[in-house]
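Residue numbers (my numbering): 193 to 444.
For reference, the structure is listed below as structure tokens.
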């Protein structure tokens, strides 16, 4: 998760267990705006079997379904799903165990580049994509392929954030003079804000660095709320100036 950064440094931020694993989450985001329920990310793939579950030490006690239920919603109530990208930890619950769309009344928004790359993966990216949760959505014609920055509904837009891969997109919500940014894996956790802390999973690390240098100062000036998708403790944060760039400080 921390690429070339020595463990002696990153282990202070997120201590590893005896198998060198760190605590992470996937934090989907529900946006309710106008009469639309928009879900950003669907969650970690759940059809990998016992070995898969053990390898990642997955804890299924909290799911996107429980979160929706807590606010009185079911999968049928979701109008739009935004997949920031199609890796199995972000888009793995796009379909049910029977291969049907999990959110049957929703359109699934993805970058055109990302859908192409997911369906034509190479040796470096292939392990991150699983056809079982991609092809049923494509076959049903439920993907809305976006090419670049676009407004999905008034106040909600997607923003290309390449680096982790070419087709990654973030989500920007603007409402009441405030801004919220779901960063996708450009900023996976609060520990990934320093510019050099680029993940080994990032296929284009220099591009990732360039994206951070472009957008972090902008989001700081806006006072944007930042949503790091994998932080195990912090769902919402704001950027603060630091000696060599920025840090993220939790907000309620």
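In this text, a Cβ means the ideal position worked out from N, Cα and C, and glycines have one as well.
- For residue 280, the three-state secondary structure derived from DSSP is helix.
- Measuring C-alpha to C-alpha distances from residue 294 to each of 411, 378, 231 and 407 identifies 231 as the nearest.
- Annotated three-state conformation of residue 397 is helix, per DSSP.
- The criterion of a C-beta distance shorter than 9 Å is satisfied by residue 375 and residue 421.
- By the CB criterion at 9 Å, residue 279 and residue 320 fall inside the cutoff.
- Less than 9 Å divides the Cβ of residue 355 from the Cβ of residue 397.
- Pairing residue 417 with residue 372 gives a Cβ-Cβ distance under 9 Å.
- Two segments are said to touch when three or more pairs of C-beta atoms, one from each, lie closer than 8 Å; by this definition the segment 233 to 242 touches the segment 272 to 288.
- With a contact defined as Cβ atoms closer than 8 Å, residue 194 and residue 391 qualify at about 7 Å.
- Counting along the chain, the unbroken alpha helix (DSSP H) around residue 260 starts and ends at 256 to 262.
- With distances taken between CA atoms, residue 273 lies nearest to 335 out of 304, 309, 335 and 246.
- Just measuring C-alpha positions, the residue of 410, 381 and 246 sitting nearest residue 433 is 410.
- 363 is the residue among 363, 329 and 357 whose C-alpha sits nearest the C-alpha of residue 345.
- In this structure, residue 275 and residue 317 do not form a Cβ contact; the two beta carbons are roughly 15 Å apart against a cut-off of 8 Å.
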